[in-house]
Amino acid sequence: MAREAKDTPILLVVDLQHGLVEGDPTWGPRSTPNLVENVKHLLQTWRSKSWPILHVQHDDIYDSTNPISAAFPETFAIHSSAAPAGDEKVFVKHTGSAFPAEGLQEAVKSYGYKRIVVIGMDGAQCVNSTVRQGDDLGYSMYVVKDACASYGMDDYEKKNVGAEYTHNAAMWMLMAYSKVTSTENVLKDMGY
Numbered sequence: 001m002a003r004e005a006k007d008t009p010i011l012l013v014v015d016l017q018h019g020l021v022e023g024d025p026t027w028g029p030r031s032t033p034n035l036v037e038n039v040k041h042l043l044q045t046w047r048s049k050s051w052p053i054l055h056v057q058h059d060d061i062y063d064s065t066n067p068i069s070a071a072f073p074e075t076f077a078i079h080s081s082a083a084p085a086g087d088e089k090v091f092v093k094h095t096g097s098a099f100p101a102e103g104l105q106e107a108v109k110s111y112g113y114k115r116i117v118v119i120g121m122d123g124a125q126c127v128n129s130t131v132r133q134g135d136d137l138g139y140s141m142y143v144v145k146d147a148c149a150s151y152g153m154d155d156y157e158k159k160n161v162g163a164e165y166t167h168n169a170a171m172w173m174l175m176a177y178s179k180v181t182s183t184e185n186v187l188k189d190m191g192y
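Read in full-length UniProt numbering, the sequence shown has 126 at position 126, and its numbers run on one by one without any break.
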């Protein structure tokens, strides 16, 4: 569960790339139909308060056919709903968690803040890894469930469990490592 911290929250935008937000038809539908609207709202809120925003892009260097790789600039690009503004930094990662991305931990530490609010994709994969590692590193983690999204996954019997179920299960699991909240309640949950 989220540690108590009383300081400015960092917004960590994880893998909101064109190829993930728009998806590949073979992946099936994405969860969270209001993802784009909620992402825009949170970015606008953070920017209006001059709070720090850090963006992370996933570059799959291990699978040359993955559209979430710098080899495919159109799908690798940050989605227009989450486009960085001003001096917002972008970090590129090659793993599930955002924290190994070169320079990210130093950037987080440079602010001196302990609260990190995570939005992004995929809730069951990279968001999940990032939140768990952030908790392990001692940060007070928050996840905005309706500003994150997931795709369905096949279970061990090769049956697809669907995007909404996968996303909800991922958010339930993250409750042990973070405060899972909503776009509407995130500021209130942090005491603002």
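Beta carbons are placed, not taken as given, at the ideal position from N, Cα and C, and that holds for glycine.
| Query | Result |
| --- | --- |
| Contacting residues, own chain, Cβ-Cβ under 6 Å from A147 (five flanking each side not counted) | N38, V39, L42, I119 and T183 |
| Rounded C-alpha distance that separates A163 from G103 | 32 Å |
| Host alpha helix (DSSP H) of K40 (start-end) | L35 to S48 |
| Close-in-space but distant-in-sequence residues of the same chain around D7 (CB under 7 Å, 5 per side omitted) | Y113, K114 and R115 |
| Below-8 Å beta-carbon distance, L35 vs any chain B residue | In the displayed structure, chain B is absent; only one protein chain is listed. |
| Coil, strand or helix - F72 by DSSP | coil |
| Local conformation of residue 195 per DSSP, three classes | Nothing in the structure corresponds to residue 195, since the chain is present only between 1 and 192. |
| Pick from R47, V56 and V13 that is closest to L35, judged by C-alpha positions | V13 |
| Minimum length 4: unbroken alpha helix (DSSP H) runs contained in the stretch 94-154 | 104-111 and 126-136 |
| Extent of the continuous beta strand (DSSP E) to which H58 belongs | I53 to H58 |
| Where N160 falls, given that 16 or more other Cβ within 10 Å makes a residue buried | exposed |
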